[in-house]
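Peer 1: Protein chains in written order, with my numbering: chain A, 33 to 418; chain B, 33 to 418.
Cβ coordinates follow ideal geometry from the N, Cα and C atoms, glycine included.
Quick one: this structure, given as structure tokens, is what I'll be asking you about.
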């Protein structure tokens with residue numbers, strides 16, 4: 033079946049997370065992604081545990097649908113092969129520290145000479161310009177510097193890192209978006225270009241309204257735990273066995289909620305009449321509702337509140353997430369069969385296209401698994417040459 | 033100057049966050065985004081504080097570069113106008129609860145009749161299929177149900193919501209990516225399609241390796257605070273005046289770090305010889321390093337560690353983020369001049385394209401500001417008709 037990006041050829045120099053996440057998005061939509069890996073070790077993340085029959089699960093979940101070829105970019109001969117591949121490619125993606133590609137003699141200016149229409153995408157910590165450009169960056173440093181940690185966490189606690197490497201991933205997503213914008217433009221005009229995405233910029237752009245809130249009020253946004261800044265009750269509570277999160281977004285839901293939890297008396301309480309009242313007295317409200325909600329299990333409350341039409345949900349741990357019927361119905365947990373590791377379940381593709389659905393078709397490649405195939409099909413090499 | 037998506041016409045029915053974030057990404061890249069708002073109140077978020085001269089800062093930061101027209105989608109006449117606009121559009125985006133568009137008589141099947149090439153993008157809480165499809169969803173409920181909260185927070189603390197509405201935003205980003213993939217496919221083949229993105233699927237897809245880690249090891253990933261699961265020291269520490277985050281990724285950096293902080297004796301300590309040793313004894317290490325790092329200010333430590341080449345950074349609050357020289361150099365804080373509210377600084381555009389740079393050119397529109405203009409230029413209405 034045809035895919036949205038069928039026929040798009042991507043040369044992928046990326047390693048570890050941000051870049052591989054980007055090229056996974058392209059591969060999932062049908063682009064032919066050829067991962068160029070260095071001899072012997074390949075992508076650093078091939079060494080990240082946990083391992084399944086010696087194969088990195090970390091690597092396998094990010095590199096499905098891709099091909100792997102081995103090239104030594106420090107060898108003149110392989111640089112020539114690399115440039116011949118670039119001449120055939122639509123897109124090249126890298127997430128080296130800025131300057132690395134130039135040192136290898138394959139910066140954008142150089143590659144443009146080989147293929148003027150090439151889309152060159154660079155995903156880095158701080159971007160290809162500005163005073164921090166060459167600084168090393170890791171997800172946690174970017175989460176810290178961007179302000180995200182300062183607004184994440186409990187009010188009485190310390191700034192908190194998001195438990196997934198969201199800085200890498202968001203930058204990877206923006207890079208994929210930028211590549212497609214550039215690809216569309218090239219399809220219309222024939223003109224290629226460079227896409228430069230920084231993790232730092234990316235995270236700042238998703239701080240939601242924290243930035244404008246600060247500019248308008250002068251108050252520095254801080255950590256408010258799990259609650260909503262201006263709606264209550266809209267937070268998490270302990271139940272008899274676990275936690276629950278509820279979202280009582282308006283007065284109608286407040287009424288439904290109070291009746292459902294057996295506290296219609298709260299509806300008469302002047303202190304909680306309107307959302308404004310409740311929001312102002314959120315601490316008192318949390319105390320009262322905490323006493324109520326601790327009396328039943330999460331499952332019991334969810335049944336009761338859902339029947340009453342009150343938005344709510346469990347705080348799932350990963351073992352529950354992967355069995356969730358909605359996610360299973362949406363093909364969000366899919367099986368790959370790796371040639372060495374065997375069966376591995378990985379997260380599916382969240383972008384559902386009606387005519388050209390993405391699919392996890394091939395497992396992550398072995399190091400260099402497709403060297404011969406790609407050199408033959410892209411460059412016409414015969415077996416003995418490759 | 034030409035932009036990557038110049039000429040792409042987007043009809044935007046979205047409200048609040050996920051959808052408007054998606055159409056902002058398209059507008060920032062040059063698409064003509066026409067926001068359809070209901071009479072009198074418009075997008076709900078126009079009522080979200082804080083306000084600047086009566087205008088919502090929340091709305092203004094998400095709706096720059098867009099046009100606004102007022103249509104009443106419950107009126108037959110306006111539905112006709114809406115369909116005439118659809119006939120001229122490339123893309124339509126909505127983030128209603130699934131089923132709403134069908135009730136209004138403008139579901140995908142209906143709009144396809146008007147414009148077979150239309151790209152119809154829907155961004156919802158749980159998606160347009162599956163048992164939860166019609167359930168109400170809010171960012172915090174999705175953060176809870178997806179597992180993200182279960183892995184975010186301090187080990188001794190409770191599951192923690194990310195301080196920005198990351199579930200909405202990531203879904204909006206995927207929707208924008210899906211639209212461009214579909215647009216590219218349409219450019220090549222002429223075929224339109226539906227893009228269906230769920231917040232729930234989206235967040236599960238960015239849990240990084242938590243899902244495969246669970247499948248491979250059988251252990252349920254949990255909250256580990258700010259540290260790295262398998263590298264140490266790679267976490268945050270208190271300093272004399274604030275916090276610092278450090279990322280000592282290998283033994284070479286460990287040596288540089290110990291010398292820089294004046295504790296070369298730790299290099300001789302058998303308990304901390306290799307990363308494996310340090311990672312195993314992270315709690316002991318944190319105690320020792322906490323004692324060291326509390327003796328100087330964050331700024332002092334950053335100067336010392338940067339000189340030694342050790343990756344590190346401050347945990348910035350928003351007031352510091354918006355003044356950061358790197359972000360300013362990258363145009364990540366930009367000025368808009370709103371016709372009523374006046375000057376407002378908003379986050380810039382993180383996708384930097386060399387040939388067709390995005391730009392924040394116009395401020396968020398007033399409700400219905402472009403009704404006359406759009407009906408005239410898209411449909412040829414004369415002033416008295418519009």
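Does residue 134/B come within less than 9 Å of chain A when only Cβ atoms are used?
Peer 2: No, because no Cβ of chain A sits closer than 9 Å to the Cβ of residue 134/B.
Peer 1: For a test of the three-state rule: what should DSSP assign to residue 417/B, helix, strand or coil?
Peer 2: The pLDDT assigned to residue 417/B is 49, lower than 50, so where the model puts this residue is not dependable; a value taken from the coordinates is nonetheless given after this. Coil, per DSSP.
Peer 1: Below 7 Å on C-beta distance, what does residue 185/A contact in chain B?
Peer 2: By Cβ distance, chain B contributes 192.
Peer 1: In chain C, which residues lie with their C-beta within 8 Å of the C-beta of residue 344/B?
Peer 2: Looking for chain C here will not work: the only protein chains present are A and B.
Peer 1: Nearest to residue 394/B by alpha carbon, out of 368/B, 285/B, 376/B?
Peer 2: Ranking the options by Cα distance to residue 394/B, first place goes to 368/B.
Peer 1: Using CA coordinates, which residue listed in 380/B, 294/B, 107/B is at the minimum distance from residue 353/B?
Peer 2: The residue with the shortest Cα to Cα distance from residue 353/B is 380/B.
Peer 1: For the stretch 347-368 of chain B, which residues have a CB atom closer than 8 Å to at least one CB atom of chain A, in sequence order?
Peer 2: So the list reads 347, 348, 349, 350, 351, 352, 353, 354, 356, 357, 358, 359, 361, 362, 364, 365, given in the order they occur along the chain.
Peer 1: What residues from the stretch 225-247 of chain A come within 7 Å of chain B, judged by C-beta to C-beta, listed N to C?
Peer 2: Those residues of the stretch 225-247 of chain A that come within reach of chain B (Cβ to Cβ, closer than 7 Å) are 225, 226, 227, 228, 229, 230, 232, 233, 234, 236, 237, 238, 239, 240, 241, 242, 243, 244, 245, 246, 247.
Peer 1: If you check the beta carbons only, do residue 172/A and residue 382/B fall under 9 Å apart?
Peer 2: Contact flag unset, no.
Peer 1: Using the Cα positions of residue 417/B and residue 44/B, report the straight-line distance between them to the nearest angstrom.
Peer 2: Confidence at residue 417/B is low in this model, with a pLDDT of 49, below 50, so the placement of that residue should be treated as unreliable; the coordinate-derived value is given next. Cα to Cα, residue 417/B sits roughly 22 Å from residue 44/B.
Peer 1: Does residue 405/B get closer than 9 Å to chain A when you measure Cβ to Cβ?
Peer 2: It does not; no Cβ of chain A falls within 9 Å.
Peer 1: Roughly how many whole angstroms lie between the Cα atoms of residue 66/B and residue 75/A?
Peer 2: Answer to the nearest angstrom: the Cα atoms are 44 Å apart.
Peer 1: Rounded to the nearest angstrom, what separates residue 280/B and residue 360/B at their Cα positions?
Peer 2: Cα-Cα distance, rounded: 28 Å.
Peer 1: Ordered along the chain, which non-local residues of its own chain (more than five positions away) have a Cβ less than 7 Å from that of residue 133/A?
Peer 2: Excluding positions up to five away in sequence, the list reads 126, 139.
Peer 1: Output the distance between the C-alpha atoms of residue 209/B and residue 300/A, rounded to the nearest integer angstrom.
Peer 2: Using only the alpha carbons, I get a separation of about 48 Å.
Peer 1: For chain B, find out if any of its Cβ atoms is closer than 9 Å to the Cβ of residue 258/A; answer yes or no.
Peer 2: Interface residue, yes.
Peer 1: To the nearest angstrom, how far is it from the Cα of residue 99/A to the Cα of residue 327/B?
Peer 2: Cα-Cα distance, rounded: 50 Å.
Peer 1: With C-beta atoms as the reference, is residue 96/A less than 9 Å away from residue 378/A?
Peer 2: Yes, these two residues count as a Cβ contact at 9 Å.
Peer 1: So, is the C-beta of residue 94/A closer than 9 Å to a C-beta in chain B?
Peer 2: It does; some Cβ of chain B falls within 9 Å.
Peer 1: For the stretch 279-294 of chain B and the stretch 305-316 of chain B, state whether three or more C-beta atom pairs, one from each stretch, are separated by less than 8 Å.
Peer 2: Taking 8 Å as the limit for Cβ pairs, the verdict is that the stretch 305-316 of chain B does touch the stretch 279-294 of chain B.
Peer 1: Can you round the beta-carbon distance between residue 252/A and residue 330/B to whole angstroms, since I take them to be within the 8 Å contact cut?
Peer 2: With a Cβ gap of about 16 Å, residue 252/A and residue 330/B do not count as contacting.
Peer 1: By the criterion of Cβ-Cβ separation under 7 Å, what are the contact partners of residue 82/A in chain B?
Peer 2: Those are 245, 248, 249, listed as they occur along chain B.
Peer 1: Excluding the five sequence neighbours on either side, which residues of its own chain have a C-beta within less than 8 Å of the C-beta of residue 217/A, listed in chain order?
Peer 2: Counting only Cβ-Cβ distances below 8 Å, and skipping sequence neighbours, we find 223, 225.
Peer 1: So, is the C-beta of residue 387/A closer than 9 Å to a C-beta in chain B?
Peer 2: Cβ-Cβ to chain B under 9 Å: yes for residue 387/A.
Peer 1: For a contact defined as C-beta to C-beta under 7 Å, what are the partners of residue 279/B on chain A?
Peer 2: Within 7 Å Cβ-Cβ: 170, 172, 173.
Peer 1: Going by DSSP, what residue range makes up the alpha helix (DSSP H) through residue 244/B?
Peer 2: Where residue 244/B is concerned, the enclosing alpha helix (DSSP H) stretches over 242-249.
Peer 1: Under a CB-based cut-off of 9 Å, is residue 289/A close to chain B?
Peer 2: Not closer than 9 Å to any Cβ of chain B, the Cβ of residue 289/A fails to qualify, so no.
Peer 1: By how many angstroms is the C-alpha of residue 89/A removed from the C-alpha of residue 83/A?
Peer 2: If you take the alpha carbons of residue 83/A and residue 89/A, they lie about 6 Å apart.
Peer 1: Where DSSP assigns a beta bridge to residue 41/B, which residues make up the other side?
Peer 2: Its beta-bridge partners are 64/B.
Peer 1: Taking the alpha helix (DSSP H) that residue 210/A belongs to, which residues open and close that run?
Peer 2: Run containing residue 210/A: 198-221, per the alpha helix (DSSP H) assignment.
Peer 1: Do we get a CB-CB distance below 9 Å when we pair residue 209/A with the residues of chain B?
Peer 2: So, interface residue.
Peer 1: Determine, using beta carbons only, whether residue 57/B and residue 345/A come nearer to each other than 9 Å.
Peer 2: The answer is no: Cβ separation not under 9 Å.
Peer 1: Counting only C-beta atoms, is residue 302/B closer than 9 Å to chain A at any point?
Peer 2: Output row for residue 302/B: interface = no.
Peer 1: Could you check which residue in 385/B, 250/B, 365/B, 54/B has the C-alpha nearest to that of residue 229/B?
Peer 2: Ranking 385/B, 250/B, 365/B, 54/B by Cα distance to residue 229/B puts 54/B first.
Peer 1: Could you tell me the alpha carbon to alpha carbon distance between residue 392/B and residue 363/B, rounded to whole angstroms?
Peer 2: Straight-line Cα distance between these residues: approximately 10 Å.
Peer 1: If residue 85/A sits next to residue 373/A, beta carbons under 8 Å apart, how far is it from one beta carbon to the other, in whole angstroms?
Peer 2: The Cβ separation is near 5 Å, so the contact holds.
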